[in-house]
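These protein sequences, in sequence, are chains A and B.
Using numbering that gives the first Met the number 0, the first residue of the first sequence is number 0, and each one after it goes up by one.
Using numbering that gives the first Met the number 0, the first residue of the second sequence is number 0, and each one after it goes up by one.
Everything below concerns the one structure shown next.
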Amino acid sequence: MNIAVTGEGIISAIGFNKQEVLRSLIAEESGIGRLKHLQSVHHELPVGEVDLANEQMKEMLGIPVSQMMSRTALMGTIAVRQALMDAGFSVDDILARKKKGESLRIALVSGTTVGGMDITELYFDHIAEDDNVSFLRHHDCGSCTNTMADYFGIFTEVTTLSTACSSAANAIMFGARLLKDHQADIVIAGGTESLSRFHLNGFNSLMILDHERCRPFDATRGGLNLGEGAAFVVLESEESANKRGVNVHAYLTGYGNACDAYHQTASSEDGEGAYLAMKEALDMAHLTPKDIQYVNAHGTGTPNNDQSESVSLRRIFGDELPLISSTKSFTGHTTSASGSIEAVICILAMQNHFVPANLGWAHQMEKGITPTLGKQSVALENVLCNSFGFGGNNSALLFSAHPTTTEEQVETGKDIKVLSRVELTSKEQLEDIRKYVKPLEARRMGKIMKSSLLSSLEALSQAGVEKPDAIITGTMYGCLEYSERLLEQMKEEGETMLKPTYFMQSTHNTIGSNIAIKTHCHGYNVTYTQGSESLSWALRDAEMLLKEGKAKTVLVGCHDESTPLFNSLLKRDGAEEQPSIHAIAMVLSCGE
Amino acid sequence: MNELVKELKDEIIEALNLEEMTADDIDENEPLFGEGLGLDSIDALELIVLLEKKYGIKLADPAEGKKIFTSVASIADYVSKNRKK
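This is the structure in structure tokens:
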């Protein structure tokens, strides 16, 4: 099945829709500047903010200003609405068809990590005295996507991927797989992320934020600038696009996902994960490196990323590098949204025959690639788009002007077996982690990190599998305990240096990437966070992966934790309290 | 100086959550990173936070830390010369 992109929506620091974004890219106007909307003391840090207040976004969407909605959900809704319109879909038509019984299976797949944290951090300082704890229902990433879906009322399925800075790329990839497996007729996939004090201070404590405008791949680069935004694409089969009589804007001809399995916050020196992801995307499209005219690099501007990515690009392309640029110099690093924002930028570049500039580059870095400063009138047939996340969750998307292959997916048809299943529900069981991990390694692991690693290693051991081919994780709330400690630290000390150990464990994908690091698993690695459905989405992906023949053994888990404070809030909200830890790990195999 | 060394050892144990260690287990001349104690880049960031919070010393570049954090003795030397509190 050829996957066609038939619509795009985007909101970012360089424009509130794709026409504006295109104009900024061609005019080489960066959107990085001073903080305006985020209530933070860090005015010394340049950011790529979307220059709209939440109230203005609500107005654009016709939502009452008094309605609680996270900035992440607001920007996401704006981008989804544009994408649907761009692809020629009208919500009224879809609803009318639904009434007539001709319903369309239309899925929303979103990537985010911040989710409703922007609301949570506003309310957190007053939770003791404030009776209203309704922010809780907006906090988790899955609820953020549900809020977006509810605005339209047309989606038959909704899910959320959270792999930090590669979330949106993985959402697009999973969307394509849903279509190929005939589980959906249309998929709207992408990502959304608002700035928050939480992650601005967190990145600051990791000392990877540049105090000047970022300069990806430049010898003088001093880190990244955070940005925010959202972008979504409409994916459907080429057949469906033809039947609807709409133009295909690009084809998604390849994608790859691999784990660097090296470090929670640093990329490996040999760029292994990035190399494997790009290689997989090329192989899938049956293309060689020579067929690629442009790479939109992850290019954050941190010393480590740009060094590691340069190595991985040279490993793929040798000395004949295609044009390469990082458009984070325009938008800032929009973290979970960057994969889809940059995918839309790639499609705009292909349609308008130009390559966007790597702004701010002036000095060749040692052993680094030399990025392009922009090029007009260039034919782009195939374009790679890289997205790398914390923990080494690396993905690459390949967009082409024409389909490159019409091979049908061959399903293995083998029975899927559950080789083992381990469940942990008590904190006391965590002592057993010492069987696998030295005290020096275990000392900074939060309880969810311990319970997830312990249950996973036990499940692998029971299944007789040393290293799984893939690791798929579900989590409803992710690493609550350490996130809570960071919020408490900000409440008590203000926006000072937050504890790096806590921040690096606050993203949902820390769980899955930690297991990958421990088992040296470079295979497919993603994290679902869709409320109580998180485990079932992880299992569904695992089954698809086994059926696609992409893996023979998959480690699937669902991991959550709770804290006394969180339980007290749940109680006040009339919801059920959660256990201190709850870990489920199982090994699935396609039974050979 | 000895007092500062002892204080630093306790602070480091707490900041880096070296649960099973006491100040006596750390030799102030032993390397903290790589061989020796075996700390890593996240620990280096924690030490930067520690210097700022406890002694009012701001390091702008993590690379500066590398030179200072070779051993507890070298940190003590740097702190005694640069402390603001």
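Beta carbons are placed, not taken as given, at the ideal position from N, Cα and C, and that holds for glycine.
Remember, predicted model here, so these are calculated numbers, not experimental data.
Cβ-based burial, residue i [other Cβ within 10 Å; buried from 16]
i         : result
ARG484(A) : buried
ASP318(A) : exposed
HIS618(A) : Since the first residue of chain A shown is 0 and the last is 591, residue 618(A) is not available in this structure.
LEU94(A)  : exposed
MET0(B)   : exposed
GLY33(B)  : exposed
GLU7(A)   : buried
ARG22(A)  : exposed
ALA59(B)  : exposed
GLU341(A) : buried
HIS519(A) : exposed
GLU28(A)  : exposed
PRO45(A)  : buried
ASP42(B)  : buried
ASN224(A) : buried
LEU121(A) : exposed
HIS362(A) : exposed
ILE558(A) : In the sequence under discussion, the amino acid at residue 558(A) is His, which differs from the Ile named in the question. HIS558(A) is buried by the Cβ-count criterion.
LYS8(B)   : buried
ASP85(A)  : buried
GLN18(A)  : exposed
SER567(A) : exposed
GLY110(A) : buried
LYS86(B)  : Nothing about residue 86(B) can be reported from this structure: the residues present for chain B run from 0 to 84 only.
SER89(A)  : exposed
Per-residue contacts from residue i into chain B (C-beta, under 7 Å)
i         : result
ALA260(A) : Chain B residues near ALA260(A): none, gap ~16 Å exceeds 7 Å.
MET503(A) : ILE41
Residues that residue i contacts on chain A, provided the C-beta gap is smaller than 9 Å
i        : result
VAL48(B) : SER204, THR495, MET496, LEU497, LYS498 and PRO499
Per DSSP, cross-strand counterpart(s) of residue i
i         : result
VAL417(A) : LEU587(A)
HIS332(A) : LEU225(A)
HIS210(A) : Per DSSP, none; premise fails for HIS210(A).
SER394(A) : ASN256(A) and SER386(A)
HIS581(A) : ASP559(A)
ALA230(A) : ILE9(A) and GLY190(A)
ALA249(A) : VAL4(A)
GLU235(A) : ALA3(A) and ILE185(A)
SER324(A) : ASN295(A)
GLN363(A) : ASP217(A)
THR158(A) : VAL108(A)
SER399(A) : TYR250(A) and ASN381(A)
VAL649(A) : Lying before the first or after the last residue shown, residue 649(A) is absent from chain A, which here runs from 0 to 591.
GLY14(A)  : SER11(A)
THR469(A) : This sequence places Ala at residue 469(A); Thr is not what is there. Its beta-bridge partners are TYR523(A) and VAL553(A).
VAL354(A) : LYS374(A)
LEU423(A) : ALA582(A)
Within chain A, partners of residue i - CB distance below 8 Å
i        : result
LYS52(B) : THR495 and MET496
GLU45(B) : LYS498, PRO499 and THR500
Proximal residues of chain A, C-beta to C-beta of residue i below 7 Å
i        : result
PRO61(B) : MET206
GLY37(B) : LEU439
- Message: Which residues of the stretch 4-22 of chain B have a Cβ closer than 8 Å to any Cβ of chain A? Give them in chain order.
- Response: The stretch 4-22 of chain B vs chain A, Cβ under 8 Å: LEU15, ASN16, LEU17, GLU18 and GLU19.
- Residues of the stretch 427-461 of chain A whose Cβ lies closer than 8 Å to any Cβ of chain B, in chain order: PRO438, LEU439, ARG442 and ARG443
- Which residues, taken in chain order from the stretch 236-268 of chain A, show a beta carbon closer than 9 Å to some beta carbon of chain B? HIS262, GLN263, THR264 and ALA265
- Unbroken stretches of the beta strand (DSSP E), 3 residues or longer, contained in the stretch 65-140 of chain A: Within the stretch 65-140 of chain A, the complete beta strand (DSSP E) segments of 3 residues or longer fall at 105-110, listed in chain order.
- Message: To test your reading of the DSSP string, which unbroken beta strand (DSSP E) runs of 3 or more residues are found completely within the stretch 471-551 of chain A?
- Response: For the stretch 471-551 of chain A, the continuous beta strand (DSSP E) assignments of 3+ residues that do not extend past its boundaries occur at 523-527, in sequence order.
- Query: At what residue ranges does the stretch 8-51 of chain B contain a whole run of the alpha helix (DSSP H), taking only runs of 4 or more?
  - Reply: none
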